[in-house]
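Participant: Heads up: take any position in the sequence shown, counting from 1, add 1345, and you land on my numbering.
The beta carbon of each residue, even a glycine, is placed where N, CA and C say it ideally should be.
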Amino acid sequence: MFYILLGSPPQIQLLLNIVPFSVLFADGNNGEVARCLDTLPDTGDAGLQIDLLRFMSLATLNNALSQLHPGIFTGLLLEGEEGVLQITSAIRQRSNQLLWTQKERNWNVWVDGSFKRSRQDTLNEQNIGYVNLGQGAVIGCDRVYSEGSNAGLSLGYVHGRLHWNEARGKSEEDLVLASLYCTAAKNVMYMKLEAGGFANFNDTTRKITLTSFNETEIRKAKSHPFGYGG
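Next comes the structure, spelled out in structure tokens:
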């Protein structure tokens, strides 16, 4: 029952109950993004984006959260691994070549180039897949000490270009790897040692599209990850 006081204009009170994002999505990567969104203030640019998310359908919101979580960067880890393998494969091939073809003591300088293409299909919203192209080169210097034994050092470089499926973004990687290697073989005995360190630099751009009602927001997020290992 509604009451309108005489002599005063009618008033309508609108109550809007906002459900936390973490209630709608509690598990997985999307759940982590939801909990993060619940902690952000409803002010400034962040508030505008949060309001846009709140008026989405569940299916559209699920798609939006999938674009915000960092799971897409798994492709960068695989890109780095493939770059390291490009270089180490060339080093092992060179070491084995010395073992069976070089008999006399001498110094050698060698160069090797490589190209690799890999892809991952789109599996779901959490894993959209990618295409990766890697071009690399290795230069090394080694010495044969006796028949069946050699040692050397090398420096390798790989430039990788990764494009995520569905035009979600791209990443350019520069990877440098320095390595020491030695091989010794005598009769049935065989030993190979390899040690090295690498550093990789990524320049990454992600395309994030948020659609609610007739409004569409497109943003590009840039990052510059750096990694190293041995």
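Using the Cα positions of Ser1440 and Leu1410, report the straight-line distance between them to the nearest angstrom.
Facilitator: 48 angstroms
Participant: Leaving aside the five residues before and after Phe1366 along the sequence, list all residues of the same chain whose C-beta is less than 6 angstroms from its C-beta, in chain order.
Facilitator: The answer, listed in chain order, is Ala1379, Leu1382, Asp1383.
Participant: Using only the alpha-carbon positions, how far apart do Gly1376 and Gly1485 sit?
Facilitator: Each residue's Cα considered, the two are about 48 angstroms apart.
Participant: Can you tell me which of the three DSSP states Ser1463 falls into?
Facilitator: strand
Participant: Considering only the alpha carbon of each residue, which of Val1476, Val1489, Gly1497, Phe1543 lies closest to Asn1510?
Facilitator: For Asn1510, the nearest C-alpha among the options comes from Val1476.
Participant: Indicate whether Val1483 and Ala1544 have their beta-carbon atoms separated by less than 8 angstroms.
Facilitator: no
Participant: Nearest-angstrom Cα distance between Gly1493 and Arg1513?
Facilitator: 51 angstroms
Participant: Skipping 5 residues on each side, what residues in its chain have a beta carbon closer than 8 angstroms to that of Arg1450?
Facilitator: The answer, listed in chain order, is Arg1488, Val1489, Tyr1490, Ser1491.
Participant: When DSSP builds the beta bridges, which residues end up paired with Lys1531?
Facilitator: Met1534
Participant: Any chance the stretch 1400-1416 sits against the stretch 1525-1544, with 3 or more Cβ pairs inside 8 angstroms?
Facilitator: no
Participant: So for Val1456, helix, strand or coil by DSSP?
Facilitator: strand
Participant: Given this structure, state the Cα-to-Cα distance separating Val1364 from Met1401, to the nearest angstrom.
Facilitator: Their Cα atoms are separated by approximately 12 angstroms.
Participant: For Asp1519, which of helix, strand or coil comes out of DSSP?
Facilitator: Looking at Asp1519 - three-state DSSP - the assignment turns out to be strand.
Participant: What distance in whole Å lies between the Cβ atoms of Ser1516 and Asn1495, which are believed to be in contact at a cut-off of 8 angstroms?
Facilitator: Asn1495 to Ser1516, Cβ: 37 angstroms. No contact.
Participant: Which residue comes first and which comes last in the alpha helix (DSSP H) that contains Arg1506?
Facilitator: For Arg1506, there is no enclosing alpha helix (DSSP H); the residue is found in the beta strand (DSSP E) stretching over 1494-1509.
Participant: Looking at the structure shown, is Leu1478 part of a helix, part of a strand, or coil, going by DSSP?
Facilitator: strand
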